[in-house]
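Residues 362 to 477 in this note's numbering are what the sequence shown spells out, letter by letter.
See below for the structure under consideration.
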Amino acid sequence: MLMANEMFANLSAPYQNLMGPALKANKLSAANLEALVNFQMNSLQSYVDMAMARMKAAADISDPASLQAFLTSQAETISSLNQKFMDDSKALGDLMGRFKTEFDKLVQESMTAGKK
362 MLMANEMFAN LSAPYQNLMG PALKANKLSA ANLEALVNFQ MNSLQSYVDM AMARMKAAAD
422 ISDPASLQAF LTSQAETISS LNQKFMDDSK ALGDLMGRFK TEFDKLVQES MTAGKK
C-alpha cells in the first residue's frame with residue numbers, strides 16, 4: 362500500500378505542477394466573473410429603477426406647473442445619472458484592475474514555481 366501511495370504521489374506531482382496554475386486561473390476567473398456579473402446586475406437594476414421613476418413622473422404631468430416641475434427634476438436626474446455613470450465606470454475599472462493584478466500575480470507565481 363505504501364508503494365502504491367508513493368507511486369501515486371510521483372504521478373500526481375507532475376500533474377499538479379502542470380495543472381495547478383490552470384486550476385488557480387480558472388478559480389480566479391470564475392470569482393472575478395461572479396463579481397463582474399453582480400456589479401452589472403446591480404448597476405442595471407439601479408438604472409432601471411431610475412428610468413421607471415422618470416416614466417412615472419412623466420405620467421403625472423397634468424398642467425403647466427407639473428410640466429415645469431418635471432423638467433426641473435429631469436435636469437437633476439440627468440446630472441445624477443451622469444455622476445452615477447462616472448462612479449460605475451470607475452468601479453468597473455477598479456474591478457478590472459484588481460483582476461489584472463491578481464492574474465499577473467498568479468502568472469508570476471507560476472513562472473517562479475516553474476523555474477524550481
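Even glycine gets a Cβ: it sits at the ideal position worked out from N, Cα and C.
Of all the options the options, which has the alpha carbon lying nearest to the alpha carbon of residue i?
i: Val409; options: Ala436, Leu389, Met447 and Leu442; result: Leu442
i: Met472; options: Glu367, Asn366 and Leu379; result: Leu379
My assumption, with CB atoms under 8 Å, is that residue i sits in contact with residue j. Please give the rounded CB distance.
i: Phe400; j: Leu467; result: Between Leu467 and Phe400 the Cβ distance is about 21 Å, and since that is not below 8 Å, they are no contact.
i: Ser434; j: Ala418; result: 6 Å
i: Arg415; j: Thr438; result: 6 Å
Leaving out five residues on either side along the sequence, give the residues of the same chain with a beta carbon under 7 Å from the beta carbon of residue i.
i: Phe431; result: Ala418, Ala419 and Ile422
i: Leu389; result: Glu463, Phe464 and Leu467
i: Asn393; result: Phe460
Leaving out five residues before and five after residue i in sequence, what residues of the same chain have Cβ atoms less than 8 Å from its Cβ?
i: Ala386; result: Phe464 and Leu467
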